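Visitor: Quick one: structure below, then a few questions.
Protein chains: 2
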Amino acid sequence: MLGPGKAELMEHIRATGSISAAGRAMGMSYKRAWLLVEELNAAFTGPLISSARGGAGGGGTGLTPLGEEVLSLFRSIEAEAQAAATAGIDRLEALLRPVAPAASEPPDDMSHGK
Amino acid sequence: MLGPGKAELMEHIRATGSISAAGRAMGMSYKRAWLLVEELNAAFTGPLISSARGGAGGGGTGLTPLGEEVLSLFRSIEAEAQAAATAGIDRLEALLRPVAPAASEPPDDMSHGK
Numbered sequence: 047m048l049g050p051g052k053a054e055l056m057e058h059i060r061a062t063g064s065i066s067a068a069g070r071a072m073g074m075s076y077k078r079a080w081l082l083v084e085e086l087n088a089a090f091t092g093p094l095i096s097s098a099r100g101g102a103g104g105g106g107t108g109l110t111p112l113g114e115e116v117l118s119l120f121r122s123i124e125a126e127a128q129a130a131a132t133a134g135i136d137r138l139e140a141l142l143r144p145v146a147p148a149a150s151e152p153p154d155d156m157s158h159g160k
Numbered sequence: 047m048l049g050p051g052k053a054e055l056m057e058h059i060r061a062t063g064s065i066s067a068a069g070r071a072m073g074m075s076y077k078r079a080w081l082l083v084e085e086l087n088a089a090f091t092g093p094l095i096s097s098a099r100g101g102a103g104g105g106g107t108g109l110t111p112l113g114e115e116v117l118s119l120f121r122s123i124e125a126e127a128q129a130a131a132t133a134g135i136d137r138l139e140a141l142l143r144p145v146a147p148a149a150s151e152p153p154d155d156m157s158h159g160k
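For the record, the sequence lines run as chains A and B.
47 is the number of the first residue of the first sequence in my numbering; add one for each residue after it.
47 is the number of the first residue of the second sequence in my numbering; add one for each residue after it.
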């Protein structure tokens, strides 16, 4: 219902006041951005994104109070999970073989062994 | 370096005592399973999987003490992150529109709208 992509789209909608600009910022087609907005608005108890079509610049597009609540909840879930995992991740990373100083390897060379 | 797939493979290796059987249990080719094992063994300060090739049934394959430590750390990171997120996820789910009683829809029908 809500994942990193939709959360980011909501943040772009809030920042730009426009569904199409938000989609563009994420390299997404207008149609795709609208589809995601429709999914979000249908999935929750009320719409998360309000859109005022027409008018100069399509003003009036943004997050509803419910949209703000859902987005903030999502971001806090992420932060809490990340915080809880930090100590364990540090311990796991301490068991990793140190990476060699890396003599400027080309990053995209798929022909490398390993 | 380590994700859900490799962790599951390690658990199957522990359960079956065999890299090929572990791969098979996950629908993975022998070659793919070996590649993942080699990656795991190279990534950490020591091998995570010991393999005794040859001999009846290829016995002696299993997790090293370091492998057990890494696997247990990975599973505890997951559990801690999940536990930390639970309250927030519950609050988020409470904002979802209740799903209609679902008149026994076929689960894999991709032609459905939405």
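From the three backbone atoms N, C-alpha and C, an ideal C-beta is built for every residue, glycine too.
These figures come from a predicted structure and were not determined experimentally.
Start and end of the alpha helix (DSSP H) containing Arg-121 of chain A?
Guide: Within the first sequence, the letter at position 75 stands for residue 121 of chain A. Where Arg-121 of chain A is concerned, the enclosing alpha helix (DSSP H) stretches over 111-139.
Visitor: State yes or no: is the beta carbon of Ser-122 of chain A nearer than 7 Å to at least one beta carbon in chain D?
Guide: Chain labels in this structure do not include chain D; the protein chains are A and B.
Visitor: From the beta carbon of Glu-126 of chain A, is the nearest beta carbon of chain B less than 7 Å away?
Guide: Locating residue 126 of chain A in the first sequence gives position 80, counting from the first residue. Yes, contact with chain B.
Visitor: Under 8 Å: do the stretch 79-99 of chain B and the stretch 48-56 of chain B share three or more Cβ pairs, one atom per stretch?
Guide: yes
Visitor: Hey, is Asp-155 of chain B's beta-carbon within less than 7 Å of any beta-carbon in chain A?
Guide: The residue you call residue 155 of chain B lines up with position 109 of the second sequence. Caution applies to Asp-155 of chain B, whose pLDDT of 48 falls short of 50 and renders its modelled position unreliable; the value that the coordinates give is listed next. No, no contact with chain A.
Visitor: Bridge partners of Leu-142 of chain B, per DSSP?
Guide: Here residue 142 of chain B refers to the residue found at position 96 when the second sequence is read from its first residue. Answer is A:Phe-90, bridged to Leu-142 of chain B.
Visitor: Roughly how many whole angstroms lie between the Cα atoms of Leu-142 of chain A and Leu-119 of chain A?
Guide: Here residue 142 of chain A refers to the residue found at position 96 when the first sequence is read from its first residue. Here residue 119 of chain A refers to the residue found at position 73 when the first sequence is read from its first residue. Distance between the alpha carbons of Leu-142 of chain A and Leu-119 of chain A: 33 Å.
Visitor: Quick one: what does DSSP say Gly-63 of chain B is sitting in, helix, strand or coil?
Guide: If you number the second sequence from 1, residue 63 of chain B lands on position 17. Residue state, collapsed to three classes: coil.
Visitor: According to DSSP, simplified to helix, strand and coil, what is Gly-108 of chain A?
Guide: Here residue 108 of chain A refers to the residue found at position 62 when the first sequence is read from its first residue. The answer is strand: DSSP assigns Gly-108 of chain A an E or B state.
Visitor: Buried or exposed: which applies to Gly-113 of chain A, given that a residue is buried once 16 or more other Cβ atoms fall within 10 Å of its Cβ?
Guide: Mapped onto the first sequence, residue 113 of chain A falls at position 67. Answer is buried; the Cβ neighbour count reaches 16.
Visitor: Any chance the CB of Arg-78 of chain A is under 6 Å from a heavy atom of the ligand NAP?
Guide: The model on display carries no ligand, and the ligand NAP is accordingly not part of it.
Visitor: Taking any Cβ of chain B, which residues in the stretch 74-104 of chain A have a Cβ under 8 Å from it, in chain order?
Guide: Glu-85, Ala-88, Ala-89, Phe-90, Thr-91
Visitor: With 16 as the cutoff for other CB atoms within 10 Å, does Thr-107 of chain A come out buried or exposed?
Guide: Taking the first sequence and counting its residues from 1, the one referred to as residue 107 of chain A is at position 61. Thr-107 of chain A should be labelled buried.
Visitor: Between the stretch 47-58 of chain A and chain B, which residues of the former have a C-beta closer than 8 Å to a C-beta of the latter?
Guide: From the stretch 47-58 of chain A, only Met-47, Leu-48 have a Cβ closer than 8 Å to chain B.
Visitor: Just to confirm, is the Cβ distance from Arg-134 of chain B to Ile-123 of chain A under 7 Å?
Guide: Against the second sequence, residue 134 of chain B aligns to sequence position 88. Against the first sequence, residue 123 of chain A aligns to sequence position 77. Arg is not the amino acid found at residue 134 of chain B; the sequence shown has Gly there. Their beta carbons are under 7 Å apart, which means Gly-134 of chain B touches Ile-123 of chain A by this criterion.
Visitor: What residues of chain A sit near Gly-134 of chain B, judged by a beta carbon separation below 7 Å?
Guide: On the second sequence, position 88 is the one that residue 134 of chain B refers to. The contacting residues are Leu-119, Ser-122, Ile-123, Glu-126.
Visitor: Going by DSSP, name the residue or residues bridged to Ser-96 of chain B.
Guide: Residue numbering aside, residue 96 of chain B sits at position 50 when the second sequence is read from its first letter. According to DSSP, Ser-96 of chain B bridges with B:Gly-108.
Visitor: Please state if the CB of Leu-117 of chain A and the CB of Met-56 of chain A are separated by a distance shorter than 7 Å.
Guide: Residue numbering aside, residue 56 of chain A sits at position 10 when the first sequence is read from its first letter. Residue numbering aside, residue 117 of chain A sits at position 71 when the first sequence is read from its first letter. For Met-56 of chain A and Leu-117 of chain A, yes; Cβs fall inside 7 Å.
Visitor: For the candidate residues B:Glu-139, B:Gly-69, B:Arg-60, B:Leu-81, whose alpha-carbon lies nearest to that of Met-47 of chain B?
Guide: What you label residue 47 of chain B is simply residue 1 of the second sequence in a count that begins at 1. Considering only alpha carbons, the answer is B:Leu-81.
Visitor: Is it right to say Ser-75 of chain A is buried, meaning 16 or more other beta carbons lie within 10 angstroms of its own, or is it exposed?
Guide: Here residue 75 of chain A corresponds to residue number 29 of the first sequence, with the count starting at 1. Exposed is the call here.
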